[in-house]
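Chemist: I am attaching a structure below and will ask some questions about it afterwards.
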Amino acid sequence: ILFETVVHIAKAQKDFFLKNDATNGDGLNFLSNQNMSVVNQKAYEGTIIAHTEGGTPNMVLEMPEVNESELGYLIYFFEKACAVSGYLLGVNPFNQPGVESYKKNMFALLGKPGYEDAKAALEAKIG
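Just so you know, the sequence shown maps onto residues 2 to 128 in my numbering.
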């Protein structure tokens, strides 16, 4: 792994307290009367510490809150990161030869006109 990406949301849209369960069936009663935002913060901190101690670099993407604009920025970030990664690896991230291959195979196997020769060859491979 090159690095871990952690998305941290600074301000929760809603917050609530965890309630005590009489049966404690999930074993999480130690969290009762705890604010969920505190639980999420501790999960975030624990993740960062574990990755750091394990020698895995961390990248934290801090989102001020969850809304349409922030999610749009996050999606754009990952799309751009994917494209840049492809170019750095010498792969055209916008070319989908695998997708084209499966579409041609699918069309041939479904009997689309013009794919008769390919259909026979593919069916021979299938058995």
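Every residue, glycine too, gets a C-beta built ideally from N, C-alpha and C.
Since this is a predicted model, take the numbers as computed values, not measurements.
What did DSSP end up calling K113 once you bin it into helix, strand or coil?
Modeler: Taking the first residue of the sequence shown as position 1, residue 113 is located at position 112. It is coil, neither helix nor strand.
Chemist: Spatial neighbours of A119 within its chain, please: CB distance less than 6 Å, with the 5 preceding and 5 following residues excluded, ordered by chain position.
Modeler: By 1-based counting over the sequence shown, the position of residue 119 is 118. If we look at A119 and ignore the five residues flanking it on each side, its Cβ neighbours are A109.
Chemist: Among residues of its own chain, excluding the 5 on either side of V61, which ones have a beta-carbon nearer than 6 Å to its beta-carbon?
Modeler: Counted from its first residue, the sequence shown places residue 61 at position 60. Result list for V61: V7, H9, in chain order.
Chemist: What runs of the beta strand (DSSP E), each 3 residues or longer, lie entirely inside the region 15-90?
Modeler: You should have 59-66.
Chemist: So, for E63: in the same chain, excluding its five sequence neighbours on each side, which residues have a beta-carbon less than 7 Å away from its beta-carbon?
Modeler: Here residue 63 is taken as the residue at index 62 of the sequence shown, counted from 1. Closer than 7 Å at the Cβ level, and outside the excluded window around E63, lie H9, A11.
Chemist: Compare the beta carbon distance of S33 and D16 with 8 Å and say whether it is the shorter of the two.
Modeler: Here residue 33 corresponds to residue number 32 of the sequence shown, with the count starting at 1. Here residue 16 corresponds to residue number 15 of the sequence shown, with the count starting at 1. Not in contact: S33 and D16 (Cβ atoms no closer than 8 Å).
Chemist: To which residues of the same chain is E5 closer than 6 Å at the C-beta, ignoring the five residues directly before and after it?
Modeler: Taking the first residue of the sequence shown as 1, we reach residue 5 at position 4. So the qualifying residues of the chain are H52, T57, N59.
Chemist: Would you mind stating whether A84 and P98 have Cβ atoms separated by less than 8 Å?
Modeler: Residue numbering aside, residue 84 sits at position 83 when the sequence shown is read from its first letter. Residue numbering aside, residue 98 sits at position 97 when the sequence shown is read from its first letter. Not in contact: A84 and P98 (Cβ atoms no closer than 8 Å).
Chemist: Taking the beta strand (DSSP E) that V7 belongs to, which residues open and close that run?
Modeler: Here residue 7 refers to the residue found at position 6 of the sequence shown. Per DSSP, V7 belongs to the beta strand (DSSP E) from 5-12.
Chemist: Mind checking whether Q129 and L19 have CB atoms under 8 Å apart?
Modeler: Not covered by the structure: residue 129. The range shown for the chain is 2 to 128.
Chemist: According to DSSP, simplified to helix, strand and coil, what is V100?
Modeler: What you label residue 100 is simply residue 99 of the sequence shown in a count that begins at 1. Note: V100 maps to helix in three-state DSSP.
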